[in-house]
Amino acid sequence: RFKEEIENNDFENVREKLLTDYIYRNLSDPLIWSGTIKMILVGAFDSLFMMSKLLVHLYILQFVVRVDFPEGELLLVQDRLGSLYLAMAFLLILFGAQHWFHYITPTWRVAGLSRRVLQHGVLS
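Set out below in structure tokens:
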């Protein structure tokens, strides 16, 4: 479709068309589409994990570690050591989930399938 422009190295007029065509070809493949959606969800989980980690650290510093804060007003567990254990367990579970998501991401084969689509478009 853009053979003349590519051979003449004239990408100024077709740059956006090439990008939209590449995105369309990629997302028309069901495996790439589902893998892309999963990767977007993993990115959203990463953001939520970072935000929850920030909030848990803030809770620990503002309420649990501060000795002038009454133990009876702590959330969920009215004991400083128990609150620390609970926060640690919460962060450890989220970290394990994040690690597992990043571990299985390559099995969705988005990069390889996308490369195949690109090579097929260039060679055909």
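Counting from 40, one number per residue, gives the positions in the sequence shown under the working numbering.
We put the beta carbon where it would ideally sit given N, CA and C, even for glycine.
Treat the numbers as computed from the prediction; the structure is a model and nothing was measured.
Pairwise C-alpha distance: residue j and residue i
i: Ala-83; j: Glu-112; result: 32 angstroms
i: Gln-101; j: Met-127; result: 16 angstroms
i: Asp-60; j: Gly-135; result: 38 angstroms
i: Val-156; j: Ile-62; result: 10 angstroms
i: Leu-66; j: Leu-80; result: 16 angstroms
i: Arg-94; j: Arg-105; result: Checking the displayed sequence, the identity of residue 94 turns out to be Leu instead of Arg. Roughly 16 angstroms between the two C-alpha positions.
i: Asp-118; j: Glu-110; result: 6 angstroms
i: Leu-114; j: Phe-88; result: 20 angstroms
i: Phe-108; j: Tyr-124; result: 18 angstroms
i: Glu-55; j: Phe-41; result: 12 angstroms
i: Val-103; j: Gln-158; result: 56 angstroms
Among the options, nearest to residue i - alpha-carbon criterion
i: Leu-57; options: Val-106, Leu-94, Ile-45; result: Ile-45
i: Phe-129; options: Leu-157, Gly-160, His-96; result: His-96
i: Ser-73; options: Leu-162, Tyr-98, Ala-150, Trp-139; result: Ala-150
i: Tyr-98; options: Arg-154, Tyr-142, Leu-152, Val-116; result: Val-116
i: Phe-140; options: Asp-68, Arg-40, Lys-77, Leu-87; result: Lys-77
i: Ser-86; options: Leu-114, His-159, Gln-137; result: Gln-137
i: Arg-154; options: Arg-64, Glu-110, Val-103; result: Arg-64
Same chain, Cβ closer than 7 angstroms to residue i, neighbours up to 5 away in sequence not counted
i: Ser-91; result: Leu-133
i: Leu-152; result: Asp-68, Leu-70, Ile-71
Cutoff 8 angstroms; reference residue i; Cβ partners in own chain excluding five residues on either side
i: Val-161; result: none
6 angstroms CB neighbourhood of residue i in its chain, flanking five on each side removed
i: Ser-122; result: Val-103, Leu-113, Val-116
- Task: Kindly confirm or deny that the segment 40-55 and the segment 144-151 touch, where touching means at least three C-beta pairs closer than 8 angstroms.
- Result: no
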